[in-house]
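Notes follow once the structure below has been shown.
Number of protein chains: 2
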Amino acid sequence: MEPAAGPAVVLVRPQLSENIGTAARAMLNAGLSDMRLVAPRPNWLNDKAVAASSGADAVLHGARVFDSTAAAIADLRRVWATTGRNRYMVKPVHTPRQAAAAMRAAGAAGDRCGVLFGPERTGLENDDVSLADTVLFVPLNPAFSSLNLAQAVLVVGYEWYQAGDEAAAPAAMTKGAGRPATKEHLTGFFDHLERELDACGFLRNAEKRPSMVRNIRNMFDRAELTEQEVRTLHGIVHELVTWRGKKGEGGA
Amino acid sequence: MEPAAGPAVVLVRPQLSENIGTAARAMLNAGLSDMRLVAPRPNWLNDKAVAASSGADAVLHGARVFDSTAAAIADLRRVWATTGRNRYMVKPVHTPRQAAAAMRAAGAAGDRCGVLFGPERTGLENDDVSLADTVLFVPLNPAFSSLNLAQAVLVVGYEWYQAGDEAAAPAAMTKGAGRPATKEHLTGFFDHLERELDACGFLRNAEKRPSMVRNIRNMFDRAELTEQEVRTLHGIVHELVTWRGKKGEGGA
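Residue numbers (this note's numbering), protein chains in the order written: chain A, 1 to 252; chain B, 1001 to 1252.
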């Protein structure tokens, strides 16, 4: 039987080769093998990484390297961002168990997923978190919560692995309209919308622009847009800005 | 409310001080603090252990030392023995999840429990396993299952933590979500958007208009928009349309 494809594990700007190695080891414990690195240090694949992987070096050798988080997740349709603390943005939150159930359902539908892990000391930047559709928060002792990178990867992978046998796929939303859009497709729409919002001056406040952009993206992310809906939104934006000679000059 | 007493974590003949430290850290992540060591090396509580505990040194300082496994578990009424491979003995086997449920039930009844972890390289001797009533087996990739001591402690502790009342799933939304918009507020936005889409001709197909309108509303409904977000969308529509007026005739 084909093993269900597990989530990609995306390490964003990982700092130590050794931690990339231990993360690979944690992945393979859970049967995961799709490792993606965003802007790792040069020569990350060294003896330290291999030694730390304790036999999981195949995962290291198969790891793909990307320049940006967006590029690393372009082909994925569901992405979780791990955070260690509350972020002041509006996004749904999953525990690893909830995420695992959703990952299994997505896998059954052929939708690839992934999980973002940030740099060891600082965690993910808000801009990275906003690229995901869901935040993943590991509920542990609030008085002392300090998982290292490999442990975080392990907990997520462990829950995914556990969710394989017994978990019936949770009731997915009845869409009927098709598959969730890929992150690349979504980004295309965001770029289009933001281009027009820049042109019309909606985003003219340079200081507020980053958080406004994040908030708008979060809003659309939560809708779990299908490919068809993304096309519709492209059309809406285009037609709203296209003059059709029905109004006088000077705008509404 | 008194926190539920968690299982004692019993390290049998642990080899490296550093691993005792990382085990303490894993324990505290899960809210566990009862550490017991069976025949550790002399001077195990050294700088390496403290450093590796990353702030969980209180667990180290509270750890009790015993000469034998039997002595370490004398006061316990339920004991699990972790194993990494099949043991040829007749004992019930629990996954960490099953064990956690039993631990919670035992805790509620006032019965103290504990979990045995063996030396890092070799695992528990059969004689140690036989002192337990249940074997604890962490189900992971059978082709590659190599949890280190801290990871094994973490998985067991994590499951115990999840199984408690207090580990309710975190709020469905991150902080800063604001209140969901009222239906009236949402309808106001839909009316605004549809008015403009009618004006620009996007909804000109009379036969398709009803389903197009429904699909657009469904999409925004799924985002579970807050009041602030509805205001933002009003602003986006208004400014895109106003820009259209300023771009001049002939369209984009």
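Glycine included, each C-beta is placed from N, C-alpha and C at the ideal position.
Under 7 Å by beta carbon: chain B residues contacting residue i
i	result
Asn29 of chain A	Leu1140, Asn1141, Phe1144, Ser1145, Ser1146 and Leu1147
Arg25 of chain A	Ser1146
Sequence-distant residues of the same chain with beta carbon closer than 7 Å to residue i, five excluded per side
i	result
Pro119 of chain A	Val12, Arg13, Pro14 and Gln15
Asp1133 of chain B	Arg1078 and Val1079
Ser1145 of chain B	Gly1084
Ala39 of chain A	Arg13 and Asp67
Phe137 of chain A	Thr83, Val93 and Thr95
Gly21 of chain A	Lys48, Ala49, Val50, Ala51, Ala52, Ser53 and Leu60
Met212 of chain A	Leu203
Counterpart residues of residue i in DSSP-defined beta bridges
i	result
Arg1064 of chain B	B:Arg1036
Pro1180 of chain B	B:Thr1226
Gly114 of chain A	A:Ala8 and A:Val79
Phe1137 of chain B	B:Thr1083
Residue i: contacting residues in chain B (beta-carbon distance under 8 Å)
i	result
Gly201 of chain A	Glu1239 and Trp1243
Leu154 of chain A	Leu1147, Gln1151, Leu1154 and Val1155
Gln15 of chain A	By Cβ distance, chain B contributes nothing, its closest Cβ being about 16 Å from Gln15 of chain A, past 8 Å.
Residue i: contacting residues in chain A (beta-carbon distance under 8 Å)
i	result
Ser1054 of chain B	Ser146
Ile1216 of chain B	Thr232 and Ile236
Chain-ordered neighbours of residue i on chain A, where CB pairs are closer than 7 Å
i	result
Gly1235 of chain B	Phe202
Met1219 of chain B	Ala223, Leu225 and Glu229
Glu1018 of chain B	Going along chain A, no residue has its Cβ under 7 Å from Glu1018 of chain B, so there is no contact; the nearest lies around 13 Å.
Cβ neighbours of residue i in the same chain (closer than 6 Å, five flanking residues each side left out)
i	result
Ala1100 of chain B	Glu1159, Trp1160 and Ala1163
Asn326 of chain A	No information on residue 326 of chain A is available, as it lies outside the stretch 1 to 252 that chain A covers here.
Thr95 of chain A	Pro139
Arg217 of chain A	Ser130 and Phe190
Pro1007 of chain B	Met1103, Cys1113, Gly1114 and Val1115
Ala5 of chain A	Gly107
Val1135 of chain B	Ala1081, Thr1083, Lys1091 and Val1093
Three-way DSSP call (helix, strand, coil) for residue i in this model
i	result
Pro997 of chain B	With chain B covering 1001 to 1252 only, the question about residue 997 of chain B has no answer from this structure.
Glu1239 of chain B	helix
Phe1189 of chain B	helix
Asn1148 of chain B	coil
Gly1107 of chain B	helix
Leu197 of chain A	helix
Leu16 of chain A	coil
Phe202 of chain A	coil
Leu1233 of chain B	helix
Ile73 of chain A	coil
Trp160 of chain A	helix
Gly1021 of chain B	helix
Gly210 of chain A	Note that residue 210 of chain A corresponds to Pro in the displayed sequence, not to Gly. In the structure shown, Pro210 of chain A sits in a helix (DSSP, three-state: H, G or I).
Ser130 of chain A	helix
Ala143 of chain A	coil
Ser1053 of chain B	helix
Arg1244 of chain B	helix
Leu124 of chain A	coil
Arg217 of chain A	helix
Leu294 of chain A	This structure cannot settle anything about residue 294 of chain A, because the visible part of chain A is limited to 1 through 252.
Lys48 of chain A	helix
Val90 of chain A	coil
Partners in chain A for residue i, counting only beta-carbon separations shorter than 9 Å
i	result
Leu1060 of chain B	The contacting residues do not exist; Leu1060 of chain B stays about 13 Å from chain A at best.
Leu1197 of chain B	Ile236, Glu239 and Leu240
Nonlocal neighbours in the same chain, by C-beta distance under 8 Å from residue i, ignoring five residues either side
i	result
Asp75 of chain A	Arg112, Thr182, Lys183 and Glu184
Thr1242 of chain B	none
Arg121 of chain A	Gln15
Arg222 of chain A	Val90, Lys91, Pro92 and Asp133
Met173 of chain A	Unreliable placement is indicated for Met173 of chain A, whose pLDDT of 46 sits below 50; the coordinate value is still reported in the next sentence. The residues are Glu224.
Leu1116 of chain B	Val1010, Val1012, Thr1069, Ile1073, Val1079, Trp1080, Ala1081, Thr1082, Leu1124, Asp1128, Val1129, Leu1131 and Ala1132
Phe1220 of chain B	Leu1186, Phe1189, Phe1190 and Leu1233
Leu1149 of chain B	Leu1011, Pro1014, Asn1019, Thr1022, Ala1023, Phe1117 and Glu1120
beta-carbon residue i near the ligand ADP non-hydrogen atom, thresh 7 Å
i	result
Gln162 of chain A	You won't find the ligand ADP in this model; it holds no ligand whatsoever.
Query - Stretch pair the stretch 151-163 of chain A + the stretch 21-28 of chain A: three plus CB contacts closer than 8 Å - result: yes
**Report entry** At least three beta-carbon pairs within less than 8 Å, the stretch 1115-1131 of chain B to the stretch 223-230 of chain A
**Finding:** no
Query raised in the report: Does the stretch 52-60 of chain A come within contact of the stretch 28-43 of chain A, defined as at least 3 CB pairs closer than 8 Å?
Result: yes
Query - Stretch pair the stretch 194-205 of chain A + the stretch 104-113 of chain A: three plus CB contacts closer than 8 Å - result: no
Query raised in the report: Would the stretch 58-65 of chain A and the stretch 139-146 of chain A be scored as touching if the rule is three or more Cβ pairs under 8 Å?
Result: no
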